[in-house]
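Below is one structure, written out as structure tokens; comments come after it.
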Amino acid sequence: MAIAGLAVSCQSVQKEADYRIIPLPQEIATAQGNPFVLKSGVKILYPEGTKRCNAMRSFWRVT
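Here the sequence shown stands for residues 412 to 474, where the numbers follow our numbering.
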């Protein structure tokens, strides 16, 4: 039993995690009614230091 545990622990095969778990919507449609509005106290957090970060910052910038 100890030998089996040792053999399993010495394997170097590693799987990379797939974090893309949120599926894309099948359809996007405009609806009637009030728009989705963020109040001034809402914080949007995102990782720093990427081109994507800069794009998100520009998109959400309030002028």
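No residue lacks a Cβ here, since even glycine has one placed at the ideal position from N, Cα and C.
In whole angstroms, what is the alpha-carbon distance linking R468 and L449?
Distance between the alpha carbons of R468 and L449: 15 angstroms.
Work out the CA separation of V453 and N465 for me, nearest whole Å.
Those two C-alpha atoms are separated by around 19 angstroms.
How many Å lie between L456 and F447 at the Cα?
Straight-line Cα distance between these residues: approximately 18 angstroms.
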